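Just add 2 to wherever you are in the sequence shown, counting from 1, and you've got our numbering. Note that CB positions come from ideal geometry on N, CA and C, so glycine has one too. These figures come from a predicted structure and were not determined experimentally.
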Amino acid sequence: MDSLRNFWIPLVCKRLEVNLCIIHQESLCTKLLGFTDVMKNVVQCVNYIHAQGLNHWQFKAFLEELDLDYFDVVYFSAVRWLSRAAILKRFWNLRKEIGLFMVNKQQDVAYSNDADWLNDIAFLTEITQQLSDLNVKLQGKSQLVNKMFRHICSFEKKLQLFQTELSRTALTHLLRLADRKVEMLDLDCSKYAECWQVVC
């Protein structure tokens, strides 16, 4: 029994030690990978919409007129760890409508038409969504270590798959980047493949 304990405990602890900061990687990934400007622009747009009641009301009315699936943007909160993934996902889904609203309000959002910026936000949305999904799987009561360990192992395999897809520009599972590839026929994913190595 002691030999079994001496083998498995260090193995599991070593593996979990590497992944100890998974919950905080979401906020660190924008800084580590160099996407702080993208996140700053997204937060500025959302904060502008939410800062004044009139802007917020007009934006919601604008979305209702368009009869979209979403009727509001998610407010960013640095304290809530799921906030980054949620705000990026909603911003991505409403990017065109947010751009129209901001231009109508005479706000400078020239970056929202920049192909590189759109590629960056698509990639950042993908990576934060994956980290958020993993975080949700690792939370909750009565989680056994072996189940958490399986989640982490499968996540590592998923990261390897994504890295392979990015290096080949065959974006089967990275849907937002696949959308960008349809819009831009010459999408270069080498930058994102390198970034994904940092996450791995």
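Best match in the options for proximity to residue i [C-alpha to C-alpha]
i      : options                         : result
Phe151 : Lys143, Lys139 and Phe93        : Lys139
Asp116 : Phe103, Asn106 and Lys98        : Lys98
Leu187 : Leu173, Gly36, Cys197 and Phe61 : Leu173
Phe218 : Asn106, Trp59 and Arg182        : Here the chain covers residues 3 to 202 and nothing more, so residue 218 does not appear.
Val40  : Glu167, Ile123 and Leu177       : Ile123
Ser169 : Ser192, Lys159 and Gln108       : Ser192
Ser134 : Asp69, Lys149 and Ile89         : Ile89
Cys155 : Thr166, Leu136 and Ile129       : Leu136
Arg86  : Glu167, Arg178 and Ile129       : Ile129
Backbone CA spacing between residue i and residue j [nearest angstrom]
i      : j      : result
Leu161 : Leu56  : 43 angstroms
Ile51  : Leu146 : 42 angstroms
Val44  : His153 : 30 angstroms
His175 : Phe164 : 7 angstroms
Ala195 : Val111 : 27 angstroms
Glu158 : Ser144 : 23 angstroms
Ser114 : Gly142 : 38 angstroms
Phe103 : Gln109 : 9 angstroms
Ile25  : Asp69  : Low per-residue confidence applies at Ile25: pLDDT is 48, beneath 50, and the placement is therefore not dependable enough to give any value.
Lys42  : Gly36  : 12 angstroms
Cys47  : His58  : 11 angstroms
Gln60  : Lys107 : 10 angstroms
Leu189 : Thr171 : 8 angstroms
Residue i at chain B interface by Cβ criterion, 9 angstroms
i     : result
Asn49 : This model lacks chain B altogether, as it is built from one protein chain only.
Exercise for the section: Within the stretch 92-164, note down every full alpha helix (DSSP H) run reaching 4 residues or more, in order along the chain. Expected result: 97-106 and 117-140
Practice task
Say whether the stretch 88-97 touches the stretch 65-77, bearing in mind that this needs 3 or more beta-carbon pairs closer than 8 angstroms, one atom from each stretch.
Solution key: yes
Practice task
Determine contact between the stretch 63-72 and the stretch 112-126, defined as no fewer than three beta-carbon pairs at a distance below 8 angstroms.
Solution key: no
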